[in-house]
Amino acid sequence: QLDQTLAAIAAADTLDAVEAIRVAALGKQGWVSALLKTLGQMSPEERQSEGPRIHAAREAVTAALADRRAGIEAAVLDARLAAETVDLSLPAPALPKGSVHPVSQVMDELAEIFADMGFAVASGPEIEDDWHNFTALNMPETHPARAMHDTFYFPDRDAQGRSMLLRTHTSPVQIRSMLAQGAPLRIIAPGRVYRSDSDATHTPMFHQIEGLVIDKGIHLGHLKWTLETFLKAFFERDDIVLRLRPSYFPFTEPSVEVDVGYTLVNGKRVIGGGGDVPDGGWMEVLGSGMVNRRVIEAGGLDPDEWQGFAFGTGVDRLAMLKYGMDDLRAFFDGDIRWLSHYGFAA
Ligand code: PHE
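Quick note on our numbering: the sequence shown kicks off at 360 and runs consecutively.
Next up, the structure:
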């Protein structure tokens, strides 16, 4: 019976099976227990010979049971570990991928291009006062140019009695940079600007980038070279032609509007190409000029010592021209289909 029990234990492959064998051998009704009970009725001689045999059988069964139980538990653990293994070779499920918005991407491109020319990035507040936004830029209280800006004003004035507004251009950063850093100066200032205006080509919030160079002996040639170098880098072609037109901004004198030539490719306007007189036509891309003496003074500098040029342009418009987009409003809709059509989303 001992051999049978040991064989059964060896063959048991679940804890339940092991337990059933234990009950059948060592349980109250078990055969080992029954043998132990017979010891009481034995003669001392019989007991001396049978006793050790029965106890040895009980030890053997108990040890075999413990052994088998440990074996089964280890096997169960192994099976669980194997089942729960992470298979690193399996392909991961595809997740929707985010991407950088075209406006942010173009701002990054611009910062990189100007960084190569030694420009640092400056910034100013979107909530401005009318001194920085207008007055210091040679647009005094009654200046008609203020009307061009369709300004969003706040109802309250600041502690110095200045009207507060959402900046209408990035030009106030010119003033803030001169006052904070002095001269010489070479900065760009990308950021949001606001005008009360809305149609297919105007949104109440849009993005501009300002450029300002203040140094000694700066002249229009520096401005032209800088803008030409910038536009060629931005549109990634050498055959960009510029046309400088005399214009008017209160904060520059003389003022220059910059057009780039475009050609028509399959009815679409493409910047560049077409030689000195592009067959498509001219598109205005920048406002610029030599910084007005009064602006240099407002920036706390002596205009007899320091000269400079400044330029400003719409980042959203540059993005539209570079990537062939035609509705400005789509930039701010956050429509994934539109973004992915232009390769800006997965
Ligand atoms: N601030 C002007 C605008 O908003 C652009 C500009 C900047 C023009 C600097 C000249 C010099 O249109």
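Glycine residues also receive a C-beta, built at the ideal position from the N, C-alpha and C atoms.
Proximity test, residue i beta-carbon vs ligand 1 heavy atom, cut-off 7 angstroms
i	result
PHE478	no
ALA669	yes
GLN519	no
GLU471	no
HIS502	no
HIS528	yes
GLY646	yes
GLU643	no
SER614	yes
THR560	no
GLU485	no
PHE608	yes
GLU569	yes
THR611	yes
Whole-angstrom C-beta distance between residue j and residue i, which should lie under 8 angstroms
i	j	result
PHE594	GLY631	6 angstroms
GLY659	GLU612	19 angstroms between Cβ atoms; not a contact.
LEU385	ILE413	Contact flag wrong, Cβ pair sits at about 12 angstroms.
GLU487	LEU524	6 angstroms
VAL462	HIS561	With 8 angstroms as the limit, VAL462 and HIS561 do not qualify as a contact, their Cβ atoms being about 15 angstroms apart.
MET476	THR622	That pair is no contact at about 27 angstroms.
GLY667	PHE608	So it is not a contact: roughly 14 angstroms between Cβ atoms.
ALA423	LEU365	5 angstroms
VAL465	ALA678	4 angstroms
Residues bridged to residue i [DSSP beta-bridge criterion]
i	result
GLY719	Nothing about residue 719 can be reported from this structure: the residues present for the chain run from 360 to 705 only.
LEU436	Answer by DSSP bridge pairing: none, since LEU436 is not bridged.
MET523	ASP488
MET564	TYR553
PRO543	For PRO543, which the question treats as bridged, DSSP gives no partner whatsoever.
LEU496	None; LEU496 has no bridge partner.
SER606	SER614
ARG516	SER522
Three-state secondary structure assigned by DSSP to residue i
i	result
TRP641	strand
HIS508	helix
TYR621	strand
LYS396	helix
PHE478	coil
TYR701	coil
ASP375	helix
LYS627	strand
GLN666	strand
LEU579	helix
VAL445	coil
THR611	strand
ASP467	helix
ALA453	coil
LEU601	strand
LEU660	coil
ALA559	coil
ASP362	helix
VAL572	strand
ARG412	helix
ALA548	strand
ASP426	helix
GLN388	coil
SER536	helix
THR585	helix
VAL654	helix
ARG676	helix
VAL636	coil
CA-to-CA distance, residue j to residue i, given in whole angstroms
i	j	result
HIS578	TRP665	11 angstroms
VAL654	ILE534	7 angstroms
VAL552	HIS528	5 angstroms
ALA559	PRO499	31 angstroms
ALA689	ASP635	33 angstroms
ASP597	VAL644	17 angstroms
PRO450	ARG554	49 angstroms
GLU404	THR397	14 angstroms
ALA669	PRO543	13 angstroms
VAL572	ASP446	58 angstroms
GLN363	ARG428	18 angstroms
ASP372	ARG417	21 angstroms
LEU436	ALA442	10 angstroms
PHE610	GLU471	26 angstroms
MET564	SER458	22 angstroms
ILE547	THR585	12 angstroms
ASP574	ASN651	14 angstroms
Any C-beta of chain C under 8 angstroms from that of residue i
i	result
ASP685	The structure shown contains no chain C; it is built from a single protein chain.
Near ligand 3: residue i beta-carbon under 7 angstroms from a heavy atom
i	result
GLN666	Ligands displayed in this structure: ligand 1; ligand 3 is not among them.
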